[in-house]
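Everything on this sheet refers to the single structure shown next.
Residue numbers (my numbering), protein chains in the order written: chain A, 1 to 339; chain B, 1 to 339.
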């Protein structure tokens, strides 16, 4: 990686800042990263997936967590981008493994190029993610990379569990919550812990922020499960009922299976691997059972419970209230989103 | 990764040691690494490929390079194993990309399990490789990881170039030498530099050793190309003529194409993507042209020239002659191997 790119000038926020200041810092820094040039087949897919956009949620919370402890978030910028590069690496390889044709409405890397290029450009992306961590001050580098590596392995474990669940008939709600914790939540938790550690937070506050991130991450994924069934089609980006059609074991389905009576259970299992029913019919029948079992309210209760836990952790962090409010509001926005 | 495994007791060599002492240290340390347990589909393939064996050449030269500068190679052990884990990660993903059925005579990971498991267990192997570097002393950690990351990206670039060459009609000898430098030689160069850096070598000696490794690596690959055609079937592990049958652009083929007359060129291109001729006929006709053009001697000259350069670099390293002799003898063995 070419590391001699310009350092953004004003990473020190003005006295009164809002979240857009930090988002801008992330976007500026991401735009200055040069991943590599030759061979072009290896590096072009990296630029492609990084430019597809996304919320940049993970690097954003790294900066917000860092800002809790120091005005200056300069030293968080490159590692925060390392988290974003790693996140996009997981999307690239996951899409390949899931044979997904689209990502953010655009062709996935293995579709646009081919499987081998997706494997190899993903591999080099992980190297580039590590490289973005290497300017961390020497006294903290080992700790940060141990945390990152631990998190990276956990994300791989989560993806493997998710693939295992596709063919397993014995997935429990507990298994599912464990899987989404690894696949989705730990990276959000690490993103927060990272900012805290880099900007000198006491150990306890860093762990509280990590827990805040993990619990928000779980709640976020459960909300995703919920929107798949109860989202409004014109606001939800994906097809409503997509998880039902794909036989995906979500919190809703696993809870329903757990509580279903004999006839409901028959409906929920009748459709498995079946194409004889129309998709619409399947979605309707499942949704009706979810309604009968009050799955929506149960899922909302679960989401609220995780969210409450998250907020309690954030509340306990010893940092200025106005700064914590930015993280709280961001988490609230994530919970209220309809897509 | 569970890092609390026992540290080998006697990493400090006795007054008089030979290479087997270091090989034993490597094998001991490798056997104590616990990669992870759950999910088993993710970690079993790592143990599988690591237990297939191999020469452990890269970690061995790390220790031998470290031994040039300090009696005690203890601090080189885990990073040396990191190199070996990384090397095996590249074999795992390369075999998948090349659709290779066998590795060291055993089914490859994607054959024994499946493609997705090969992708994901490879990914987590790269994380584990990085983890094995993290106990390097803080003052050197950044430098070591920058060197490693640079090398890791280069290896990916080499693999991409190798795949590009399969479908390109315009590969030059220079392109080929660049590709094998990236794909094969830089990791050997890094392995040596690593041991030197960890054991406090002056910068210049570390770079000389890196160059020694790169030049030996290129010579080693060219020797591999040569053995494919001129090796004795009963000593060579693979099928003689395998590269010819696979239309592989080796140093021998590219040199022959470069120097062929019109009728020879016709033979060398006639067979491309053709199955109408028997394999044996193709190997015979190519070998005859190689003989006519004196390709064997030219390749041997090239190998000797790289080997000479390697030895000159090693000679220039400021370290005890008896210790340098171990590296020189190892390199000589690599050159004299017949398989």
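Beta carbons: idealized from backbone N, C-alpha and C, even for Gly.
Tell me the residue span of the alpha helix (DSSP H) that contains residue i.
| i | result |
| --- | --- |
| residue 157 of chain B | 138-167 |
| residue 258 of chain A | 251-259 |
| residue 45 of chain A | 40-50 |
| residue 81 of chain A | 77-98 |
| residue 215 of chain A | 203-230 |
| residue 270 of chain B | 262-270 |
| residue 282 of chain A | 279-292 |
| residue 301 of chain A | 295-316 |
| residue 118 of chain B | 115-131 |
| residue 27 of chain A | 19-32 |
| residue 246 of chain B | Segment: none, residue 246 of chain B is in no alpha helix (DSSP H) and carries neither H nor E. |
| residue 340 of chain A | The shown model of chain A, from 1 to 339, leaves out residue 340 of chain A, and the question about it has no answer. |
| residue 69 of chain B | Counting along the chain, residue 69 of chain B falls outside any alpha helix (DSSP H), and DSSP gives it neither H nor E. |
| residue 190 of chain B | 186-198 |
Measuring only the C-alpha atoms, how far is residue i from residue j?
| i | j | result |
| --- | --- | --- |
| residue 192 of chain B | residue 53 of chain B | 21 Å |
| residue 133 of chain A | residue 187 of chain A | 15 Å |
| residue 271 of chain A | residue 263 of chain A | 13 Å |
| residue 18 of chain B | residue 312 of chain B | 22 Å |
| residue 124 of chain A | residue 304 of chain A | 39 Å |
| residue 27 of chain B | residue 323 of chain A | 52 Å |
| residue 280 of chain A | residue 179 of chain B | 53 Å |
| residue 148 of chain A | residue 137 of chain B | 18 Å |
| residue 289 of chain A | residue 220 of chain A | 23 Å |
| residue 315 of chain B | residue 99 of chain B | 41 Å |
| residue 326 of chain B | residue 156 of chain B | 30 Å |
| residue 336 of chain A | residue 75 of chain B | 52 Å |
| residue 286 of chain B | residue 244 of chain B | 8 Å |
| residue 309 of chain B | residue 161 of chain B | 25 Å |
| residue 88 of chain B | residue 184 of chain A | 28 Å |
| residue 206 of chain A | residue 143 of chain A | 13 Å |
| residue 213 of chain A | residue 294 of chain A | 28 Å |
Give me the chain A residues within the contact set of residue i, using Cβ-Cβ distance strictly less than 8 Å, ordered along the chain.
| i | result |
| --- | --- |
| residue 159 of chain B | 120 |
| residue 130 of chain B | 130, 145 and 149 |
| residue 134 of chain B | 142, 145, 146 and 149 |
Using the rule of at least 16 other Cβ atoms within 10 Å of the residue's Cβ for burial, across every protein chain shown, is residue i buried or exposed?
| i | result |
| --- | --- |
| residue 291 of chain A | exposed |
| residue 282 of chain B | buried |
| residue 332 of chain A | exposed |
| residue 2 of chain B | With a pLDDT of only 46 at residue 2 of chain B, under 50, the local geometry of the prediction cannot be trusted, and the value read off the model is given with reservation. Residue 2 of chain B should be labelled exposed. |
| residue 36 of chain A | buried |
| residue 101 of chain A | exposed |
| residue 40 of chain B | exposed |
| residue 29 of chain B | buried |
| residue 200 of chain B | exposed |
| residue 105 of chain A | exposed |
| residue 321 of chain A | exposed |
| residue 167 of chain A | exposed |
| residue 202 of chain A | exposed |
| residue 318 of chain B | exposed |
| residue 266 of chain A | exposed |
| residue 55 of chain A | exposed |
| residue 4 of chain A | Confidence is the limiting factor: at residue 4 of chain A the pLDDT is only 45, short of 50, which leaves the residue's position unreliable, though a coordinate-based value still follows. Exposed, by the Cβ-count rule. |
| residue 38 of chain B | exposed |
| residue 121 of chain B | buried |
| residue 181 of chain A | buried |
What in chain B is Cβ-close to residue i, meaning under 8 Å?
| i | result |
| --- | --- |
| residue 96 of chain A | 119 |
| residue 116 of chain A | 97 and 163 |
| residue 138 of chain A | 138, 139, 141 and 142 |
| residue 126 of chain A | 123, 126 and 127 |
| residue 38 of chain A | 157 |
Under 9 Å Cβ-Cβ, which residues of chain B neighbour residue i?
| i | result |
| --- | --- |
| residue 93 of chain A | 119, 120 and 123 |
Give the interface partners of residue i over in chain A, defined as CB-CB distance under 7 Å, in chain order.
| i | result |
| --- | --- |
| residue 109 of chain B | By Cβ distance, chain A contributes nothing, its closest Cβ being about 13 Å from residue 109 of chain B, past 7 Å. |
| residue 153 of chain B | 36, 124 and 127 |
Residues of chain B with CB under 7 Å from residue i, in chain order?
| i | result |
| --- | --- |
| residue 41 of chain A | 160 and 164 |
Open item on the list: Quick test of the definition: if touching needs 3 or more C-beta pairs under 8 Å, does the segment 167-175 of chain A touch the segment 42-59 of chain A?
Closed with: no
For this session: Could you tell me whether the segment 22-33 of chain A touches the segment 57-74 of chain A, using the rule of 3 or more Cβ pairs below 8 Å?
Result: Taking 8 Å as the limit for Cβ pairs, the verdict is that the segment 57-74 of chain A does touch the segment 22-33 of chain A.
Practice task
State whether the segment 118-135 of chain B contacts the segment 68-84 of chain B, with contact taken as three or more CB pairs (one from each stretch) at a distance under 8 Å.
Solution key: yes
For the segment 65-76 of chain B and the segment 88-98 of chain B, state whether three or more C-beta atom pairs, one from each stretch, are separated by less than 8 Å.
no
**Study point:** Contact between the segment 320-337 of chain B and the segment 250-258 of chain B (3+ Cβ pairs under 8 Å)
**Key:** no
- Message: Below 8 Å, how does it come out for the segment 293-309 of chain B and the segment 220-234 of chain B: are there three or more Cβ pairs, yes or no?
- Response: yes
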